[in-house]
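Contents: one structure, followed by commentary.
Protein chains in written order, with our numbering: chain A, 7 to 118; chain B, 11 to 119.
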């Protein structure tokens, strides 16, 4: 099993550009989520999904869109990148209910 | 709003000593708590979890204590080793998972 795979690992965008951060898991997990991690801060929840076709907003959803068309994939879209979105992004997955989440290795995004 | 937070941002201990990392939470309805370890340049990794119907759970060299009366969670690491140096996060899982700011543990040789 590959676990949770995020691509790309690094990305530089210009302000106003759009891009999609990819996240895939091969553990048949119902729950998937996206976090951002800024220096000196913890992980803040952007969006999450408890199953295919279902998404919900987290703590900091503005500027980001998600969709969950399959169990395996949960892409995060930035429609118009802003410097404030410079961060490290982590995708996580897990089974529904009171269980742990498994994290990908992160995508370091810089918006200039 | 409800949040998960940590008491101390940094902790420095001598190799071989025990470490205690604390966490306060504010959602009294939370049922499940997790401790994660994050090494530099990596994603968080699961260490240990505890459900709200327990007050203590032990793993290999780690123990989590839950005090629901004061909404406090702690992670104890026995005989701390250099490989334990990392940032530690507590998280509460209520349909979604929310994290605290983290504590950076440094182990001095």
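We put the CB at the ideal spot given by N, CA and C, even for glycine. No experiment lies behind these values; they were computed from the predicted model shown.
Residue pairing of residue 118 (chain B) in beta bridges, as defined by DSSP: B:24.
Rounded to the nearest whole angstrom, the C-alpha separation of residue 38 (chain A) and residue 25 (chain B) is 37 Å. For residue 88 (chain A), there are no neighbours in chain B by C-beta distance under 7 Å, as the nearest C-beta there is about 23 Å away.
Interface residue (Cβ-Cβ distance to chain B less than 8 Å): residue 82 (chain A) is not classified as such.
Between residue 85 (chain B) and residue 96 (chain A), the alpha-carbon positions lie close to 23 Å from each other.
Fully enclosed beta strand (DSSP E) runs of no fewer than 3 residues occupy 42-48, 55-61, 66-68, 72-77, 82-87, 96-104 and 106-109 of the region 34-117 of chain B, in order along the chain. Using a 10 angstroms sphere on the CB of residue 22 (chain B), the tally of other CB atoms stays under 16, which defines it as exposed. DSSP places residue 50 (chain A) inside the beta strand (DSSP E), whose first and last residues are 49-57. Within the same chain, 28, 29, 71, 72 and 94 come within 7 Å of residue 87 (chain B) by CB-CB distance, once the 5 residues on both sides are set aside. In the three-state DSSP reduction, residue 90 (chain A) falls in the helix class (H, G or I).
Residue 28 (chain A) is bridged by DSSP to A:13. Contact fails between the region 57-72 of chain B and the region 21-39 of chain A, because fewer than three Cβ pairs, one in each stretch, are under 8 Å apart.
Looking at the DSSP output, residue 82 (chain A) bridges to A:27 and A:72. For the pair residue 43 (chain B) and residue 48 (chain A), the CB atoms are not nearer than the 8 Å cut-off. Of all residues in the region 53-78 of chain B, the ones placed with a Cβ closer than 8 Å to any Cβ belonging to chain A are 53, 54, 55, 56, 59 and 61, in chain order. With a threshold of 8 Å between beta carbons, residue 30 (chain A) makes no contact with chain B.
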